[in-house]
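Chains as they are written, first to last, in our numbering: chain A, -9 to 388; chain B, 36 to 76.
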């Protein structure tokens, strides 16, 4: 279902009516039915059945681990294993016989769904989610505002808005007009700006062998800008629509091209993913490393290792092949370099002089330009497959 | 009309104009809508 189709407009209008006019369990069931309609437009019946079973398994495991932090890992492991199998990670071909591989159905939105469900299981085990009614949980998992992609909403945020404990939108005509404008702005970003940029962007099928190195680089940066407008446009649409239907997803983008360093970049681009990775991957790893014998007294080394592994997880989450592993590792390297640079500079200059240096125009311009160049170049690994990368990287240096 | 209410009316008018501008940009600039309009006629 395209965001620019009459069906999507009808879906948002119907969900807004359901959200404002229906109360009780009927509201949850109707919202769920509308979200299932959206999901069904991207999935086959087998894919829908699998998605539903995956959500239900998450609910069952969350109930089993409720209030028992020691059950977190055993509850999370089968979900991750099924996810890896269903997404068809390329390394599975080395481990499993061909008949075991899941190519019978296509999945859509499974990466986003996995992170939403893992968060619910972990938070339920740690006692941060006290109740998990099934219909509300399924409405959260399949909500059309965050199902396919977009911001990764937390259950607590969804539930608070669902029950009216926090408002998804200010009362009054102007706030509703702003939400409509947010949807329109997103549609313009996605269907006008991104659509036209796509013609200049590097695409997965590009004949890299026939392109000059400079041409590939320009196309990579064009892809970088295209992806920003495409994805942030999508997020604008679902944030505006979510505000109108009573479950507004969190903000996800904040001018990433202006990020002065790699660390800030990840807070400005797909921010909800970054905070998810920080809470559920980086923090547990960092704490475990600090408690370990080898890294216990070395917080910088512990942080660098934790951040590199977190970005590896991020790379694997973004895609199923080797280039995505490299994409994650390259970003991990950027973050490690930045952390070490920041640490050295802090020791040499002290906090006051470091803050003064960071405030200078030269530092900000240099940092922003370097961050843009480095993060943009990393998208080579996002777009190209292993063979194309091999052709590109085997070229002699100009 | 008092000054605050005039300011509010102007703000609302500006937002409505902005809405119209976005709709126009979408209709004129998007290949999807352009194709839709071509097909319709």
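Cβ atoms here follow ideal geometry from the backbone N, Cα and C, with glycine treated the same way.
Buried versus exposed, by CB contacts within 10 Å (16 or more), residue i
{"i": "residue 321 of chain A", "result": "buried"}
{"i": "residue 64 of chain A", "result": "exposed"}
{"i": "residue 331 of chain A", "result": "exposed"}
{"i": "residue 406 of chain A", "result": "Look at the range of chain A in this structure, -9 to 388, and you will see that residue 406 of chain A is not part of it."}
{"i": "residue 193 of chain A", "result": "exposed"}
{"i": "residue 183 of chain A", "result": "buried"}
{"i": "residue 273 of chain A", "result": "exposed"}
{"i": "residue 44 of chain B", "result": "exposed"}
{"i": "residue 141 of chain A", "result": "buried"}
{"i": "residue 120 of chain A", "result": "exposed"}
{"i": "residue 313 of chain A", "result": "buried"}
{"i": "residue 5 of chain A", "result": "buried"}
{"i": "residue 341 of chain A", "result": "exposed"}
{"i": "residue 76 of chain A", "result": "buried"}
{"i": "residue 205 of chain A", "result": "exposed"}
{"i": "residue 49 of chain A", "result": "buried"}
{"i": "residue 56 of chain B", "result": "exposed"}
{"i": "residue 365 of chain A", "result": "buried"}
{"i": "residue 278 of chain A", "result": "exposed"}
{"i": "residue 11 of chain A", "result": "exposed"}
{"i": "residue 355 of chain A", "result": "exposed"}
{"i": "residue 59 of chain B", "result": "exposed"}
{"i": "residue 228 of chain A", "result": "buried"}
{"i": "residue 289 of chain A", "result": "exposed"}
{"i": "residue 198 of chain A", "result": "buried"}
{"i": "residue 181 of chain A", "result": "buried"}
{"i": "residue 65 of chain B", "result": "buried"}
{"i": "residue -7 of chain A", "result": "buried"}
{"i": "residue 246 of chain A", "result": "buried"}
Contacts of residue i in chain B (Cβ-Cβ under 8 angstroms)
{"i": "residue 160 of chain A", "result": "Ordered by position in chain B, no residue passes the 8 angstroms Cβ test against residue 160 of chain A, which lies about 14 angstroms from the chain."}
Under 7 angstroms by beta carbon: chain A residues contacting residue i
{"i": "residue 53 of chain B", "result": "171"}
{"i": "residue 57 of chain B", "result": "171, 174, 175 and 178"}
Proximal residues to residue i (C-beta, below 6 angstroms), its chain only, five neighbours per side dropped
{"i": "residue 233 of chain A", "result": "158, 159 and 169"}
{"i": "residue 9 of chain A", "result": "235 and 236"}
{"i": "residue 318 of chain A", "result": "301, 302, 304 and 305"}
{"i": "residue 175 of chain A", "result": "226"}
{"i": "residue 56 of chain A", "result": "114"}
{"i": "residue 25 of chain A", "result": "132, 133 and 134"}
Where residue i meets chain B, residues with beta-carbon distance less than 9 angstroms
{"i": "residue 234 of chain A", "result": "Those do not exist, as residue 234 of chain A stays about 14 angstroms from chain B at its closest Cβ, beyond 9 angstroms."}
Chain A residues whose Cβ lies nearer than 9 angstroms to that of residue i
{"i": "residue 47 of chain B", "result": "163, 164 and 167"}
{"i": "residue 50 of chain B", "result": "164, 167, 168 and 171"}
Nonlocal neighbours in the same chain, by C-beta distance under 7 angstroms from residue i, ignoring five residues either side
{"i": "residue 240 of chain A", "result": "141, 143, 147 and 262"}
{"i": "residue 256 of chain A", "result": "264"}
{"i": "residue 215 of chain A", "result": "187"}
{"i": "residue 293 of chain A", "result": "276 and 329"}
{"i": "residue 253 of chain A", "result": "325 and 328"}
{"i": "residue 15 of chain A", "result": "125"}
{"i": "residue 150 of chain A", "result": "156"}
{"i": "residue 260 of chain A", "result": "242"}
{"i": "residue 18 of chain A", "result": "125, 126 and 129"}
Beta-carbon contacts of residue i that lie in its chain and below 8 angstroms, excluding the five residues immediately before and after
{"i": "residue 106 of chain A", "result": "130, 131, 136, 142, 143 and 145"}
{"i": "residue 97 of chain A", "result": "33, 37, 40, 41, 76 and 77"}
{"i": "residue 69 of chain A", "result": "44, 47, 48, 51, 104, 107, 108 and 111"}
{"i": "residue 179 of chain A", "result": "219, 220, 222, 223 and 226"}
{"i": "residue 31 of chain A", "result": "-9 and -3"}
{"i": "residue 295 of chain A", "result": "275, 279 and 285"}
Residue i CB to nearest heavy atom of the ligand ATP below 6 angstroms
{"i": "residue 130 of chain A", "result": "Although the ligand ATP was asked about, the structure shown includes no ligands whatsoever."}
| query | Closer than 7 angstroms, Cβ to any Cβ of chain B: which residues of the stretch 174 to 190 of chain A, in chain order? | reply | Of all residues in the stretch 174 to 190 of chain A, 174, 175, 177, 178, 181, 182 and 185 have a Cβ within less than 7 angstroms of some Cβ in chain B.
| query | If contact means a Cβ-Cβ distance below 9 angstroms, which residues of the stretch 119 to 149 of chain A contact chain B? | reply | Residues passing the 9 angstroms Cβ filter: none.
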